[in-house]
Amino acid sequence: MRTVLISGAGIAGQSLAYWLHRHGFTPTVVERAPAPRAQGHTVDLRGVSFDVVRRMGLLEKVRDAAVDSRGMSYVDATGRRVADMPASFLGGNGVVGEVEILRGDLVDIFHQATEGKVEYVFDDTITSLAQAPDGVRVTFERSAARVFDLVVGADGAHSVTRSLAFGEESRFSRELGCHLAYFTAPNVFGIQDWELFHNLPGRRVAALRPSRRAEEVKVLLGFASKPLDHGDARRQKQIVAEVFAGAGWQVPAMLREMAAATDFYFDAATQVVMDGWSRGRVVLLGDAGYSPSPLGGGGTGLAVVGAYVLAGELAEAGGDHEVAFAAYEREMRGLVRQRQKLPPGGVNGFVPNSRVAIGMRNLSIRLLPHLPWSGLIEKMVTDPDAITLNDYGLPSPPPIL
Ligand SMILES: Cc1cc2nc3c(=O)[nH]c(=O)nc-3n(C[C@H](O)[C@H](O)[C@H](O)COP(=O)(O)OP(=O)(O)OC[C@H]3O[C@@H](n4cnc5c(N)ncnc54)[C@H](O)[C@@H]3O)c2cc1C
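Those letters in the sequence shown? Residues 1 to 401, per the working numbering, in order.
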């Protein structure tokens, strides 16, 4: 059991390729884009996912690329900071993680760690999977058909591998009732090391987040909505512009910058919930199998830990995929359940409905650190990660300094 096809060169796919290579397997990664997709805002690594990056020997690189993020402030329409959540909020278990890194920088670091060791096929996608007792015959849009021992779907929340092997997306996908648009803009807003978050009545939110480069900023525009017909990027930008028309604060400048943004990314906030992550020789990893949605966050951490566990269990089982997939699921279930819990209020907490609800939310954040029972709340949110990492026969990594 040595050849593994991984669909998707995102965080999940590349970290799995790294670990499979280390355990002596031969991974091939097929990615639909012509190169690793380096878009995205900051993603966070904390707790057990931080530990996996340390085990990869990439901690220094990740720390060097980290974004200096001091915390998040809610601002009113005049830009006045009305409630602060510093990085230390809730004992460091708030919105800002142990290490905040741009998704694109993490994708690059994982790519550099695997390039030359792992076969990458860009600009292609799986078109069919046929399972046989001794392998999976895979056809591609552009490349010739090949047979692999195993296939891993690490191709994100809208996974093609999942559709081909498990059934259509609607069976596993839970839209949370909110759409999000992400893009990069020139830092005409003067953002430094604090993220600014502005809720607007009508269940909308506009946010500006620091990037690693001072001259650019990451913009988020989100709004509650029913499922939408997305269309292409032009149509999506039009939808966002209509939803935010007439809004105050920095929104007019954000909309101007959105028109020119080349890395615009728009999607419904969606969780993926499945009873099982494998079918025969095909298994799912990361957002493809258990996306927690950007509202809960933590998708990157789950992908990194899932890759470590899946590769480790395959090595431990001597390549017996049935044993390995069952162990992977047993090890990961608790963590996935934990990370799929939405923050208090769910979508309503993210985009409160009215001015009064926004004011109440801001007040509760301001008061929280001063409440006599704030220590208790801190303990409640400081859930230790529901997994203990095995070493899978690899040498112990150096301690975190
Ligand atoms: C462009 C982009 C921007 C993102 N921005 C953010 C962000 O700002 N904040 C945040 O919290 N999360 C963001 N995410 C999601 C975040 O990366 C994931 O939640 C998390 O890192 C888990 O990653 P994943 O590898 O499972 O999925 P993904 O990061 O979605 O990666 C999946 C990969 O599979 C590729 N792929 C998709 N379909 C196919 C196919 N048919 N064949 C081959 N390859 C395919 C995609 O191009 C992508 O490279 C973004 C994802 C993408 C793709």
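Glycine included, C-beta positions come from ideal geometry on N, C-alpha and C.
Checklist entry - Whose C-beta lies closer than 7 Å to the C-beta of D51 among residues of the same chain, with five residues either side of it excluded? => result For D51, where only same-chain residues beyond five positions count, the Cβ hits under 7 Å are L389.
Checklist entry - Q338 by DSSP, collapsed to three states: which one? => result Residue state for Q338 is assigned as helix, using DSSP reduced to three classes.
Next on the checklist: Below 7 Å, is the gap between the Cβ of D391 and the nearest heavy atom of ligand 3?
Outcome noted: This structure lacks ligand 3; its bound ligands are ligand 1.
Checklist entry - Nearest-angstrom Cα distance between Y120 and G393? => result Cα to Cα, the separation comes out at about 27 Å.
Checklist entry - Relative to ligand 1, is the shortest distance from any of its heavy atoms to the C-beta of S7 smaller than 7 Å? => result Yes, Cβ of S7 sits closer than 7 Å to a heavy atom of ligand 1.
Checklist entry - Can G135 be considered in contact with ligand 1, in the sense that its beta carbon sits closer than 7 Å to one or more heavy atoms? => result G135: no, Cβ never under 7 Å from ligand 1.
Item to check | Run of the beta strand (DSSP E) containing T78, from where it starts to where it stops | outcome: Per DSSP, T78 belongs to no beta strand (DSSP E) and is neither H nor E.
Checklist entry - Looking only at DSSP bridge pairs, what is N199 linked to? => result Paired residues: V205.
Checklist entry - Buried or exposed: where does H370 fall if 16 or more other Cβ atoms within 10 Å of its Cβ makes it buried? => result Looking at its Cβ environment, which holds fewer than 16 other Cβ atoms inside 10 Å, H370 is exposed.
Next on the checklist: Taking the alpha carbon of F31 as the reference point, which residue from H111, W19, S211 and G298 has its own alpha carbon closest?
Outcome noted: Note that residue 31 is Glu in the sequence shown here, rather than Phe. The alpha carbon of E31 has as its nearest neighbour, out of H111, W19, S211 and G298, the alpha carbon of H111.
Next on the checklist: Taking 6 Å as the limit between beta carbons, can you name the residues of its chain near L367, skipping five residues before and five after?
Outcome noted: Nothing meets the Cβ criterion.
Next on the checklist: Within 10 Å of its beta-carbon, does T26 have 16 or more other beta-carbons around it, so buried, or fewer, so exposed?
Outcome noted: The residue in question, T26, is exposed, as its Cβ has fewer than 16 Cβ neighbours within 10 Å.
Checklist entry - Looking at E31 and ligand 1, is the gap between the Cβ and the nearest heavy atom below 7 Å? => result Under cutoff, so the answer is yes.
Next on the checklist: Considering only DSSP beta bridges, list what Q131 is partnered with.
Outcome noted: For Q131, the beta-bridge partners assigned by DSSP are V136.
Checklist entry - Are the segment 129-143 and the segment 260-267 touching by the rule of at least three beta carbon pairs closer than 8 Å? => result Put simply, the segment 129-143 does not touch the segment 260-267. Fewer than three CB pairs are less than 8 Å apart.
Item to check | Nearest neighbour of E195, chosen from I358, A241 and L220 [CA to CA] | outcome: Comparing alpha carbon positions, the residue from I358, A241 and L220 closest to E195 is L220.
Item to check | Among Q250, R281, G190 and A260, the one whose alpha carbon lies nearest that of G319 | outcome: Comparing alpha-carbon positions, the option among Q250, R281, G190 and A260 lying closest to G319 turns out to be R281.
Checklist entry - From what residue to what residue does the alpha helix (DSSP H) around I109 run? => result Where I109 is concerned, the enclosing alpha helix (DSSP H) stretches over R103 to T114.
Item to check | Closest residue to G79 among L200, L5 and Y18 (Cα-Cα distance) | outcome: Just measuring C-alpha positions, the residue of L200, L5 and Y18 sitting nearest G79 is L200.
Item to check | Whole-angstrom distance between F197 and R361, CA atom to CA atom | outcome: R361 and F197 have their C-alpha atoms spaced approximately 13 Å apart.
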